[in-house]
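A.B. asks: With positions in the sequence shown counted from 1, the corresponding number in our numbering is that position plus 1235. Even glycine gets a Cβ: it sits at the ideal position worked out from N, Cα and C.
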Amino acid sequence: MSKKILITGGAGFIGSHVVRTFVKKYPNYQIVNLDALTYAGNLENIQDIAASDNYRFIKGDIKDVAFINKLFEEEKFDAVIHLAAESHVDRSISHPNEFIETNVMGTANLMNGFRHSCNGDFTDKLFYHISTDEVYGSLGKTGLFTEETSYDPQSPYAASKAASDHLVRSYGNTYKMPFIISNCSNNYGANQFPEKLIPLFINNIKSKKSLPVYGDGKYTRDWLYVEDHAKAIDLIFHKGIPGETYNIGGFNEWTNIDLIKLLCAQMDIKLNQAPGTSEKLITYVKDRAGHDRRYAIDATKLNRELGWKPTVTFEEGLSKTIDWYLENEKWLSNVTSGAYQTYYKKMYG
Ligand code: NAD
Ligand code: TYD
1236 MSKKILITGG AGFIGSHVVR TFVKKYPNYQ IVNLDALTYA GNLENIQDIA
1286 ASDNYRFIKG DIKDVAFINK LFEEEKFDAV IHLAAESHVD RSISHPNEFI
1336 ETNVMGTANL MNGFRHSCNG DFTDKLFYHI STDEVYGSLG KTGLFTEETS
1386 YDPQSPYAAS KAASDHLVRS YGNTYKMPFI ISNCSNNYGA NQFPEKLIPL
1436 FINNIKSKKS LPVYGDGKYT RDWLYVEDHA KAIDLIFHKG IPGETYNIGG
1486 FNEWTNIDLI KLLCAQMDIK LNQAPGTSEK LITYVKDRAG HDRRYAIDAT
1536 KLNRELGWKP TVTFEEGLSK TIDWYLENEK WLSNVTSGAY QTYYKKMYG
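1. Quick one: is arginine 1456 buried, meaning 16 or more other Cβ sit within 10 Å of its Cβ, or exposed?
2. For leucine 1241, which of helix, strand or coil comes out of DSSP?
3. State the Cα-Cα distance for the pair aspartate 1451 and tyrosine 1363, rounded to the nearest angstrom.
4. In whole angstroms, what is the alpha-carbon distance linking lysine 1580 and cysteine 1499?
5. For leucine 1269, which option in Phe1257, Tyr1449 and Val1315 has the closest C-alpha, if you only look at C-alpha atoms?
6. Which residue from Asp1469, Asn1304 and Ala1397 puts its Cα closest to that of histidine 1351?
7. For aspartate 1522 and tyrosine 1449, what's the separation of their Cα atoms in angstroms?
8. Thinking just about the alpha-carbon of each residue, which of Glu1309, Tyr1392 and Val1300 is nearest to the one in serine 1329?
9. Examine ligand 2 and report whether any of its heavy atoms sits within less than 6 angstroms of the Cβ of proline 1391.
10. Ligand 2 and asparagine 1421: does any heavy atom of the ligand fall closer than 6 angstroms to the residue's C-beta?
11. Along the chain, where does the beta strand (DSSP E) containing isoleucine 1293 start, and where does it finish?
12. Identify which residue in Thr1577, Gly1552, Tyr1530 and Tyr1575 has its Cα closest to the Cα of glycine 1378.
13. Going by CA-CA distance only, name the one from Arg1326, Ile1293, Asn1482 and Ser1322 that's closest to tyrosine 1583.
14. By the 10 Å Cβ neighbour count, where 16 or more other Cβ atoms means buried, how is tyrosine 1406 classified, buried or exposed?
15. Going by alpha carbons, who is nearest to asparagine 1426 out of Arg1291, Val1253 and Lys1376?
16. Please look up how many angstroms separate the CB atoms of serine 1399 and glutamine 1389, rounded, as I've assumed it's under 8 angstroms.
17. What's the gap between the Cα of valine 1570 and the Cα of aspartate 1387?
18. Judging by CA-CA distance, which residue of Leu1241, Ala1275 and Asp1533 is the nearest neighbour of isoleucine 1418?
19. Exposed or buried, arginine 1255, counting other C-beta atoms within 10 Å across all chains shown (16 or more means buried)?
20. Compute the beta-carbon to beta-carbon distance between tyrosine 1264 and lysine 1238, rounded to the nearest angstrom, for a pair I have assumed lies under 8 angstroms.
21. Is there a Cβ from chain D that is less than 7 angstroms from the Cβ of phenylalanine 1428?
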């Protein structure tokens, strides 16, 4: 069946993998990628599919109400898959308002545009909101986040995503707008901006710069290979039940320091260095403000109801990710020039 789908944030890390999956797998769909191309957006991420017949890119800002309303009125989308967001916790600590404006107001603008363009008839329509496990707050040593876990966001980023999730549910309840929300754990893979832990540390090891480990390094995250997330989004979009929430995770918990040691060992092999060379770069630095101790997702609902499970092991995914960064020198040097240098100096001195 033909569908016109708006994917927001499709020039970013996860969005680019989602856009590629949909453009390649569904030639009958018209995929429109809306992205403001902030520091995190990069058309190089999707240049391989840019000339596809079923694909169009539109540069635009979800904060711009008049632009968003006009876009929805003209295009009459059947569905929205919403990924555009400010996504880095450290930046939300220094600039919270940008997160509130994009993640909360931007989401509301999209839903208003969608709702008005549907003109009360939501038959076969869907607003699919991509969210994070960070809305649930921090876990102690045991337990997992389920879809029933109460929201308890701890950073401005997490709070802005939690607020947007609440807004989406409220539009479902109030206006009967069909929606789905998925909350995913930490992603890693090709095309991730090198401000997040894994690509930052790959880049630093490559450039023999120190590896800034926050606090005691014993913070825990649940890591999922980005292509497994894109596959989950595809499955949920097509088979998920409107009104439902699905947690997506890797069943793959690592303390930061253990992950960093594995990354260092793999980097030593790939760079033909003596074992232990990269680990010498580890430097413990001041902790992140309000740092969540542990995240871990229970993704059994998605497995039980839709049959999804991660397909890429962490060792394999990490190895593929390192290879991608080592093979894409130009991508890395383009994104780490200019404004990145200013950000880096401000964050890490
Ligand atoms: P990213 O920062 O790599 O990409 C975000 C994209 O959104 C960029 O292309 C950027 O240009 C675009 N964007 C930002 N502000 C915009 C605006 N005002 N208008 C239009 N476009 C704008 O982020 P990501 O890591 O790919 O995350 C994508 C989504 O997935 C986000 O909603 C995030 O909350 C969620 N998520 C991310 C992770 C993760 O580990 N990265 C985990 C779970 C959920
Ligand atoms: P990050 O990739 O920023 O993802 P999130 O905060 O969304 O989980 O960070 C992952 C973990 O790595 C988190 O516990 C913070 C830690 N971290 C460092 O120790 N040093 C760093 O320079 C960065 C960016 C993160």
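C.D. replies: Looking at the atomic coordinates:
1. buried
2. strand
3. 37 angstroms
4. 23 angstroms
5. Val1315
6. Asn1304
7. 4 angstroms
8. Tyr1392
9. no
10. yes
11. 1290–1294
12. Tyr1530
13. Arg1326
14. buried
15. Val1253
16. Actually they do not touch by this definition, with Cβ atoms about 16 angstroms apart.
17. 33 angstroms
18. Reading the sequence as shown, one finds asparagine at residue 1418 and not isoleucine. Among Leu1241, Ala1275 and Asp1533, the Cα nearest to that of asparagine 1418 belongs to Asp1533.
19. buried
20. 5 angstroms
21. The chain inventory of the structure shown lacks chain D, comprising one protein chain alone.
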